[in-house]
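Under the working numbering, the letters of the sequence shown match residues 1 to 390, in that order. All C-beta atoms, glycine included, are put in the ideal place defined by N, C-alpha and C. Reviewing the structure listed below.
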Amino acid sequence: MYIKKQRLLTPGPTPLYPPALHAMMASDLHHRTEDFRNVYKSALADLKEVMATTHDVLLFAASGTGAMDAAVSNLFSAGDKVIVCSAGKFGERWVEIAKAYGLNAIVLQKEYGDVVSPDEVAETLRRESGVKGVFLQASETSTGAAFDVEGMGRVVSPSGALLIVDAITGLGTMPLEIDEWGLDVVIGGSQKAFMIPPGLAFCSVSPKAWKFYETSTLPHFYFDLKKEKKNGDKGESSWTPATSLILALGAALKYIQQVGMPRLVENAQLLARATRAAVRELGLELFARRPGASVTAVRAPAGMDSGVIVKEFRNRFGAIIANGQGTMKGQIFRMAHLGYFDIADMFAIIAGLEVILHANGYPVEFGRGVAAVQRLYAEAAVAEPAGARA
Ligand SMILES: *Cc1c(COP(=O)(O)O)cnc(C)c1O
1 MYIKKQRLLT PGPTPLYPPA LHAMMASDLH HRTEDFRNVY KSALADLKEV
51 MATTHDVLLF AASGTGAMDA AVSNLFSAGD KVIVCSAGKF GERWVEIAKA
101 YGLNAIVLQK EYGDVVSPDE VAETLRRESG VKGVFLQASE TSTGAAFDVE
151 GMGRVVSPSG ALLIVDAITG LGTMPLEIDE WGLDVVIGGS QKAFMIPPGL
201 AFCSVSPKAW KFYETSTLPH FYFDLKKEKK NGDKGESSWT PATSLILALG
251 AALKYIQQVG MPRLVENAQL LARATRAAVR ELGLELFARR PGASVTAVRA
301 PAGMDSGVIV KEFRNRFGAI IANGQGTMKG QIFRMAHLGY FDIADMFAII
351 AGLEVILHAN GYPVEFGRGV AAVQRLYAEA AVAEPAGARA
């Protein structure tokens, strides 16, 4: 085949929303002007609305990890006892950040593919006194697992600890009731369900978290929550903002508002369900015990390196899917469905997967996986109000 469109099917970066890309071309403006202050203010307000929280929402020019770093360096002090839930590469990132800042981290470690349960956190909180924070992922992108964030809120919010949620692939793929569930800091990143390129991190900050800010003694400079809040209220960022990305974010947020955040979540969940059904139909095994809707991690068939599937997607179809990270490399492959993915993408991905498996000696009856996606679509489309099928 001579024409191959490039397709980004990874859980970050994700497919880009075209009007957001077009909006980036208007970045020949100065950030200390009324025009840009209006853009910035409106992006912050829309972000807050999409996240459906009354907490403060702050933006940073950084990849998602920047906001993770900020949450630790602004809210804690060296030696603070914290609980870190770790069941994948991003849980390990929390452990590393906590260590870098000298926190006393109790790590609740689970096997890759598993999650830490709210009961385990509750038990640790009962056993240990003076815990200042609990860190977790809403969606552990490296394994495809989803944590019970609501359950964690129930356990952590009555305690004295802050609940810090890396929701970088959780936002837009699962319900997250920030205020009601007692989520003190909820972190997002631009290149996931927000459909724009990497480079923006953001987080919500609860009133309880602001109290921690007042007593935190860890050093920080570039990422200063209070400074960012003060400037944000005036439509300014503390440092030169990533203007082009903020223009893009503005356009993407308008689209997300038009679709509705609950429907964006439902979209990801439907595509995830379709992917799981197809994978099961093909006789393959899911990696996560509690699979989420941002990405589906699948074990490669016995005797096949998952890298072969990843490489074949690129060579045959110009499509980039994700391999496993760390020790999961070669064992699993990951197909994303967060943000700007639609059902036609899933038809194509599963059809491509069937072709690749077949070409590499795994017995496949063509169309079996695709039919599972079609069946799910047919049921969902019937359930959908006619007006929603624009
Ligand atoms: C993508 C991602 C991050 C952030 O990674 P960056 O490379 O810093 O953007 C953090 N946590 C999770 C769960 C992610 O999916």
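For residue j and residue i, the rounded distance between their alpha carbons
| i | j | result |
| --- | --- | --- |
| Arg-37 | Ala-381 | 41 Å |
| Asn-392 | Met-174 | Because the chain here runs from 1 to 390, residue 392 falls outside it and cannot be looked at. |
| Thr-33 | Leu-59 | 18 Å |
| Tyr-213 | Val-186 | 15 Å |
| Ala-138 | Leu-8 | 23 Å |
| Asp-305 | Gly-330 | 5 Å |
| Val-95 | Ala-146 | 18 Å |
| Lys-81 | Phe-347 | 48 Å |
| Val-72 | Leu-103 | 9 Å |
| Thr-54 | Ala-302 | 49 Å |
| Ala-251 | Pro-19 | 7 Å |
| Pro-11 | Gly-339 | 9 Å |
| Ala-193 | Leu-200 | 12 Å |
| Glu-384 | Ala-274 | 16 Å |
| Thr-215 | Val-107 | 24 Å |
| Lys-4 | Ala-278 | 24 Å |
| Ala-209 | Ala-272 | 33 Å |
| Glu-128 | Ser-204 | 27 Å |
| Ile-332 | Phe-317 | 19 Å |
| Glu-312 | Ala-319 | 9 Å |
| Gly-394 | Gly-189 | Only positions 1 to 390 of the chain appear in the structure, and residue 394 is not among them; the question remains open. |
| Val-355 | Leu-284 | 14 Å |
| Val-295 | Gly-361 | 25 Å |
| Ala-26 | Gly-133 | 41 Å |
| Val-413 | Gly-170 | There is simply no residue 413 to check, as the chain begins at 1 and stops at 390 in what is shown. |
| Asp-119 | Phe-202 | 29 Å |
| Glu-228 | Tyr-222 | 10 Å |
| Glu-177 | Gly-292 | 17 Å |
| Arg-126 | Ser-159 | 10 Å |
| Arg-290 | Leu-162 | 24 Å |
| Gly-307 | Asp-233 | 47 Å |
| Ile-196 | Lys-211 | 33 Å |
| Tyr-112 | Thr-143 | 6 Å |
| Glu-180 | Gln-6 | 41 Å |
| Ile-321 | Arg-93 | 22 Å |
| Val-373 | Ile-246 | 35 Å |
| Leu-391 | Ile-309 | Lying before the first or after the last residue shown, residue 391 is absent from the chain, which here runs from 1 to 390. |
| Gly-172 | Ser-238 | 27 Å |
| Met-328 | Glu-379 | 34 Å |
| Pro-198 | Met-24 | 13 Å |
| Met-261 | Asp-345 | 20 Å |
| Ala-52 | Phe-366 | 43 Å |
| Ser-86 | Leu-136 | 7 Å |
| Asn-231 | His-31 | 12 Å |
| Gln-269 | Gln-258 | 18 Å |
| Ala-336 | Thr-14 | 8 Å |
| Ala-288 | Arg-276 | 11 Å |
| Leu-253 | Asn-315 | 34 Å |
Rounded Cβ spacing between residue i and residue j (contact assumed at less than 8 Å)
| i | j | result |
| --- | --- | --- |
| Ala-122 | Val-155 | 4 Å |
| Leu-21 | Ala-248 | 7 Å |
| Gly-326 | Lys-89 | 6 Å |
| Tyr-255 | Tyr-17 | 6 Å |
| Tyr-101 | Ala-78 | 7 Å |
| Asn-464 | His-220 | Nothing about residue 464 can be reported from this structure: the residues present for the chain run from 1 to 390 only. |
| Tyr-2 | Glu-236 | So it is not a contact: roughly 50 Å between Cβ atoms. |
| Ser-117 | Asp-148 | 7 Å |
| Glu-91 | Glu-150 | Here residue 91 turns out to be Gly, not Glu, going by the sequence shown. At roughly 19 Å, the Cβ-Cβ gap does not stay under 8 Å, so Gly-91 and Glu-150 are not in contact. |
| Ile-164 | Asp-184 | 6 Å |
| Ala-415 | Leu-282 | Shown here, the chain extends from 1 to 390; a query on residue 415 therefore has no answer. |
| Ala-61 | Pro-241 | 6 Å |
| Val-364 | Ile-350 | Going by Cβ atoms, the distance from Val-364 to Ile-350 rounds to 11 Å, so no, they are not a contact pair. |
Residue(s) in a DSSP beta bridge with residue i
| i | result |
| --- | --- |
| Thr-296 | Met-335 |
| Ser-204 | Val-57, Val-186 |
| Ile-106 | Ile-83 |
| Ala-322 | Arg-334 |
| Val-131 | Lys-81 |
4-residue-minimum alpha helix (DSSP H) runs that sit fully inside the segment 4-85, ordered along the chain
Taking 4 residues as the shortest admissible run, the segment 4-85 contains the following complete alpha helix (DSSP H) segments, listed from N- to C-terminal end: 18-24, 34-51, 64-75.
Unbroken beta strand (DSSP E) runs of length 3 or more, entirely within the segment 256-319: which are they?
295-299
As an exercise, report each continuous alpha helix (DSSP H) stretch of at least 4 residues that is fully enclosed by the segment 133-180, in chain order.
149-156
Write down every uninterrupted run of the alpha helix (DSSP H) in the segment 190-253 whose length is 4 residues or greater and which is fully enclosed by it, in chain order.
207-215, 225-233
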